[in-house]
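A short write-up of the structure that comes next.
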Amino acid sequence: MTWAVVAVVGVVLVALMVLLEVVARTTAKGSGADVWLKEPLLQRKDDRMRQLGRKAQPDVLFLGSSGIMCAVDPEILSREFGVTAYNAGIFRGTTCYVASWGRLFALRRLTPRIVVIEVWLPTINDNSDMSEHYNQHLKSPYFTSRKRMRFLYELGHWMTLLRFAPPAATAPIQLARQMGQSLQRVGSWTARRPVSLPGVIGMDGESVEHDAKLGYRTGALLQKLLRGMMQEWSMGAQNWSALTELIAVARAGGAQVLLLEPPYTDELAREYFPGGLPAWLLARELVEQRALELDALWLLPERMTEEAYFSDPVHANLAGKRHFSVAVGTALVQQRVIPGLMPSTFAEGTT
Numbered sequence: 007m008t009w010a011v012v013a014v015v016g017v018v019l020v021a022l023m024v025l026l027e028v029v030a031r032t033t034a035k036g037s038g039a040d041v042w043l044k045e046p047l048l049q050r051k052d053d054r055m056r057q058l059g060r061k062a063q064p065d066v067l068f069l070g071s072s073g074i075m076c077a078v079d080p081e082i083l084s085r086e087f088g089v090t091a092y093n094a095g096i097f098r099g100t101t102c103y104v105a106s107w108g109r110l111f112a113l114r115r116l117t118p119r120i121v122v123i124e125v126w127l128p129t130i131n132d133n134s135d136m137s138e139h140y141n142q143h144l145k146s147p148y149f150t151s152r153k154r155m156r157f158l159y160e161l162g163h164w165m166t167l168l169r170f171a172p173p174a175a176t177a178p179i180q181l182a183r184q185m186g187q188s189l190q191r192v193g194s195w196t197a198r199r200p201v202s203l204p205g206v207i208g209m210d211g212e213s214v215e216h217d218a219k220l221g222y223r224t225g226a227l228l229q230k231l232l233r234g235m236m237q238e239w240s241m242g243a244q245n246w247s248a249l250t251e252l253i254a255v256a257r258a259g260g261a262q263v264l265l266l267e268p269p270y271t272d273e274l275a276r277e278y279f280p281g282g283l284p285a286w287l288l289a290r291e292l293v294e295q296r297a298l299e300l301d302a303l304w305l306l307p308e309r310m311t312e313e314a315y316f317s318d319p320v321h322a323n324l325a326g327k328r329h330f331s332v333a334v335g336t337a338l339v340q341q342r343v344i345p346g347l348m349p350s351t352f353a354e355g356t357t
C-alpha cells in the first residue's frame with residue numbers, strides 16, 4: 007500500500023512539473039520556432055538587436071562564438087576608431103550554430119556595412135570522424151533550425167524548468183545534474199595545470215562568468231571539454247557549408263564580409279591539439295588557403311597569445327578584451343576597411 011501511495015505521489019509530481027513546463031513554454035518570450043531564444047542571454051541579445059534595428063544601424067557586426075563575445079568591445083571601437091559596432095557573439099558557437107544565429111536573427115534585425123565572422127580553425131576541415139552523439143547534436147534545431155527535428159529537441163529539453171519554474175520545483179533536477187557532473191569528473195583527463203575562470207563583463211553589461219549556470223566547468227571537466235573540441239569538432243564539410251551560406255546572406259544584404267580568427271593562447275595549440283602547435287599552424291594555413299574560394303578578406307589583427315590576457319585558453323579577460331579590440335580596430339584601419347566611414351547615430355557605448 008505504501009509503495010502505491012509513493013507511486014501515485016510521484017506520478018502527480020511529474021504531471022505537475024510537465025504542466026509547469028508547458029505553461030512556461032507557452033508564455034515564454036519568443037515564438038515556439040525560436041527555441042534557443044528561451045535562453046536568457048540570447049533573448050536579451052535579440053531584444054537589443056530589435057531595438058537597434060528600429061533606431062540606427064551599426065557599421066560593423068561581429069558574429070562568432072564566446073571567443074569573440076569575450077574579446078571584442080564595441081565601446082572601444084566607437085571611442086578609439088569612430089566606428090559603431092554590435093557584438094552578436096554567442097556561447098558554444100560552432101560554425102553551424104553561429105551561421106544559423108546570424109542568418110535567422112542577427113542579419114534580419116540589423117543591416118551593417120561590415121560583417122566580421124569568426125572562423126574557428128579546427129572546425130573547418132575535411133575530417134568527418136566524429137562521435138555520433140555530437141553529430142546528432144549538430145543536426146538538432148539548436149544549430150540548424152530544422153523544423154522536422156524541433157519536436158525531438160523540445161522533448162529532450164522538456165524537463166529543464168531552469169528559467170521559468172520556482173527554485174523548489176527545479177531542485178530535484180539540479181541535484182541530478184550535480185550528481186551527473188560529479189560522475190563525469192571521475193577519471194576525466196586533467197591538464198598539466200588547472201585553469202581558473204574568473205568572471206568578465208560581457209555585452210550589454212551582462213555578467214558572463216564561466217560557471218555552472220552558463221554551462222562551463224572549472225578544472226578537469228573544462229580540460230576534457232577543450233580536448234574534445236580539438237579532437238572531435240571535425241564536421242568540416244557541414245561547418246564549411248554553413249559558413250558559405252552565412253557569407254552569401256550577409257553579402258545579399260549589401261555588407262562587406264571579413265573573416266576573423268578568435269584569440270587563443272599558444273598553450274591551447276601545444277597542449278590540446280593533436281600534433282601540437284606545428285599541426286595547428288598547418289591546419290591554419292590550409293584553412294586560409296581554402297578561404298580564398300569564398301573571396302572573403304581575412305581581418306588580421308596582431309596576434310594575442312599572452313596568458314595574462316586570458317581567463318582560460320580560449321576566452322579573453324577584461325584586459326585581453328581591451329587589447330584585442332584595439333588590435334581589431336587597428337587592423338580595420340590598416341587594411342583600409344573603415345577609412346571613409348562616418349560615425350552613425352548609433353549611440354556610443356552601446357554593445
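If you read the sequence shown in my numbering, its first letter stands for residue 7, the second for the next number, and so on. Idealized CB from N, CA, C, for every residue including glycine.
| Item | Value |
| --- | --- |
| Taking buried to mean at least 16 other C-beta atoms within 10 Å of its own C-beta, is V14 buried or exposed? | exposed |
| Cβ atoms of L305 and L264: under 8 Å apart, would you say? | yes |
| Since E313 and T271 are thought to touch, with beta carbons under 8 Å apart, how far apart are those beta carbons, to the nearest angstrom? | 6 Å |
| In the segment 54-137, which residue ranges form an unbroken beta strand (DSSP E) of at least 3 residues, counting only runs that do not cross its ends? | 66-69, 91-93, 120-124 |
| Return the residue from the list I123, R119, Y92 that minimises the CA-CA distance to T100. | I123 |
| Starting from the C-beta of P118, find all residues in its chain whose C-beta is less than 7 Å away, skip the five residues before and the five after it, and write them out in chain order. | Q63, P64, D65, V66, L67, A261 |
| Report the option in T336, H321, G108, L58 whose CA atom is closest to the CA atom of R257. | G108 |
| What's the call for G211, buried or exposed, on a 16-neighbour Cβ count within 10 Å? | At G211, the pLDDT of 32 sits below 50, so the modelled position is not reliable; the number obtained from the coordinates is stated separately. Exposed. |
| Is V300 helix, strand or coil by DSSP? | Note that residue 300 corresponds to Leu in the displayed sequence, not to Val. Here L300 sits in helix by DSSP. |
| Helix, strand or coil: which one does DSSP assign to V11? | helix |
| Looking only at its chain, what residues have a beta carbon closer than 6 Å to the beta carbon of L338, apart from the 5 residues adjacent to it on each side? | I344 |
| Tell me, to the nearest whole angstrom, how far the beta carbon of P284 is from that of G73; I am working on the premise that it is less than 8 Å. | Rounded, the Cβ-Cβ distance is 22 Å, inconsistent with contact. |
| Report yes if the CB atom of E267 is closer than 8 Å to the CB atom of V125, and no otherwise. | yes |
| For L266, name the three-state secondary structure that DSSP assigns. | strand |
| Tell me the DSSP bridge mates of Q322? | The question names Gln, yet the displayed sequence has Ala at residue 322. The partner list for A322 (beta bridge, DSSP) reads F316. |
| According to DSSP, simplified to helix, strand and coil, what is V339? | helix |
| Does DSSP put A261 in a helix, a strand or coil? | coil |
| Just to confirm, are A94 and K51 a CB contact at a threshold of 8 Å? | yes |
| Counting only the same chain and skipping the five closest in sequence on each side, list residues whose C-beta sits under 7 Å from that of H329. | M310, Y315 |
| For my contact list, K327 and A77 are in at a C-beta cut-off of 8 Å; report their separation, rounded to the angstrom. | 6 Å |
| Taking the C-alpha atoms as reference points, what is the distance between L113 and F87? | 23 Å |
| With a threshold of 8 Å on Cβ separation, who are the neighbours of E251 within its own chain once the five nearest residues in sequence on each side are excluded? | A105, R109 |
| Measure from the alpha carbon of V121 to the alpha carbon of each residue in A248, A325, A322, L303, then state which is nearest. | L303 |
| By the three-class DSSP mapping on this structure, what secondary structure does L288 have? | helix |
| If we ignore side chains and look at the alpha-carbon of each, how far apart do G70 and L116 end up? | 16 Å |
| Buried or exposed: which applies to D301, given that a residue is buried once 16 or more other Cβ atoms fall within 10 Å of its Cβ? | exposed |
| Contact defined as beta carbons within less than 8 Å: I believe L83 pairs with G335. What is the distance between those atoms, to the nearest angstrom? | 5 Å |
| Smallest Cα separation from E294: which of A21, W246, Q341, F111? | W246 |
| Can you tell me whether L22 is buried or exposed? The criterion is at least 16 other CB atoms within 10 Å of its CB, across all chains shown. | exposed |
| Between P80, H321, I253, L287, which has its C-alpha nearest V332's C-alpha? | P80 |
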